[in-house]
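Enquirer:
Numbering (the working numbering), first residue to last: 48 to 206.
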């Protein structure tokens with residue numbers, strides 16, 4: 048089964064269960080690392096939830112449910128490790144809605160190649176519009192970066 052089909056199948060298997068448990072699917076990946084395959088499922092809380100972060104109990108609940116479903120249907124030919132977790136405090140912003148949801152938060156952006164002599168930027172996320180990510184740096188300057196030039200945008204972890 049192709050990587051894409053595995054992640055789509057997992058998405059379908061979890062849809063109703065996650066909704067019933069006030070969770071949402073942040074991302075799935077089915078990757079080979081060395082000789083081993085990993086099916087990684089990242090959970091999130093829906094926007095506006097009382098709790099902002101997913102706990103270990105919720106990860107365990109989803110892991111048991113998904114493991115049982117995968118064992119029943121047995122759709123994946125090779126052996127793999129199932130990992131269920133949250134995207135973490137330094138989550139990568141993947142979808143357009145992530146940029147809207149986390150506007151106003153501090154982010155760190157890595158570029159594929161340098162823009163104005165720098166390959167990384169940090170600042171307050173303004174948003175994503177028309178393929179342009181806008182942030183405000185510490186000097187209150189607005190920096191606009193083409194989304195296609197951005198390798199990763201992550202929430203900054205500030206203590």
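Cβ atoms here follow ideal geometry from the backbone N, Cα and C, with glycine treated the same way.
Which one or two residues does DSSP pair with residue 173 in a beta bridge?
Expert: For the purposes of this step, residue 173 is taken as the residue at position 126 of the chain shown. Paired residues: none, contrary to the question.
Enquirer: With a 10 Å radius around its C-beta and 16 neighbouring C-beta atoms as the bar for buried, classify residue 172 as buried or exposed.
Expert: Working through the chain shown from its first residue, we reach residue 172 at position 125. Result: buried.
Enquirer: Given a cut-off of 8 Å on the beta-carbon distance, is the pair residue 64 and residue 112 in contact?
Expert: Residue mapping note: residue 64 aligns to position 17 of the chain shown, counting from 1. Residue mapping note: residue 112 aligns to position 65 of the chain shown, counting from 1. Cβ distance < 8 Å, so residue 64 and residue 112 count as in contact.
Enquirer: Using only CA atoms, which one of 203, 181, 199, 87 lies nearest to residue 160?
Expert: The residue labelled residue 160 in the question sits at position 113 within the chain shown. Per the Cα distances, 199.
Enquirer: Quick check on the DSSP output: what are the complete beta strand (DSSP E) runs of length 3 or more inside the region 109-157, in order along the chain?
Expert: Within the region 109-157, the complete beta strand (DSSP E) runs of at least 3 residues are 128-132.
Enquirer: Considering only their Cβ atoms, is the gap separating residue 134 from residue 77 smaller than 8 Å?
Expert: Taking the chain shown and counting its residues from 1, one reaches residue 77 at position 30. Taking the chain shown and counting its residues from 1, one reaches residue 134 at position 87. Cβ distance not < 8 Å, so residue 77 and residue 134 don't count as in contact.
Enquirer: Based on DSSP bridge pairs, tell me the residues matched to residue 200.
Expert: Here residue 200 refers to the residue found at position 153 when the chain shown is read from its first residue. Paired residue(s): 156.
Enquirer: Pair every Cβ in the region 135-143 with every Cβ in the region 106-121, then say whether three or more of these pairs are closer than 8 Å.
Expert: Contact fails: fewer than three Cβ-Cβ distances are below 8 Å.
Enquirer: What separation, rounded to the nearest whole angstrom, lies between the Cα atoms of residue 128 and residue 81?
Expert: Counted from its first residue, the chain shown places residue 128 at position 81. Counted from its first residue, the chain shown places residue 81 at position 34. About 13 Å.
Enquirer: Count the other C-beta atoms from every protein chain shown that fall within 10 angstroms of the C-beta of residue 156, then say buried if there are 16 or more, exposed otherwise.
Expert: On the chain shown, residue 156 is found 109 positions in, with the first residue counted as 1. Residue 156 should be labelled buried.
Enquirer: Determine the direct distance from the alpha carbon of residue 95 to that of residue 62, and round the result to whole angstroms.
Expert: Residue numbering aside, residue 62 sits at position 15 when the chain shown is read from its first letter. Residue numbering aside, residue 95 sits at position 48 when the chain shown is read from its first letter. So the alpha carbons of these two residues sit roughly 19 Å apart.
Enquirer: Three-state secondary structure (DSSP) at residue 53?
Expert: Numbered from its first residue, the chain shown carries residue 53 at position 6. Correct three-state label for residue 53: helix.
Enquirer: Would you kindly report the start and end of the unbroken beta strand (DSSP E) that includes residue 79?
Expert: Counted from its first residue, the chain shown places residue 79 at position 32. Unbroken beta strand (DSSP E) run through residue 79: 71-80.
Enquirer: Less than 8 Å between the CB atoms is what I'm expecting for residue 130 and residue 100, so what's the real figure, rounded?
Expert: Position 83 of the chain shown, counted from the first residue, corresponds to residue 130. Position 53 of the chain shown, counted from the first residue, corresponds to residue 100. That belief does not hold up - the Cβ atoms of residue 130 and residue 100 are roughly 17 Å apart, past 8 Å.
Enquirer: Could you tell me which residues DSSP puts in a beta bridge with residue 183?
Expert: In the chain shown, the residue the question calls residue 183 occupies position 136. Residue 183 is bridged to 171, 189.
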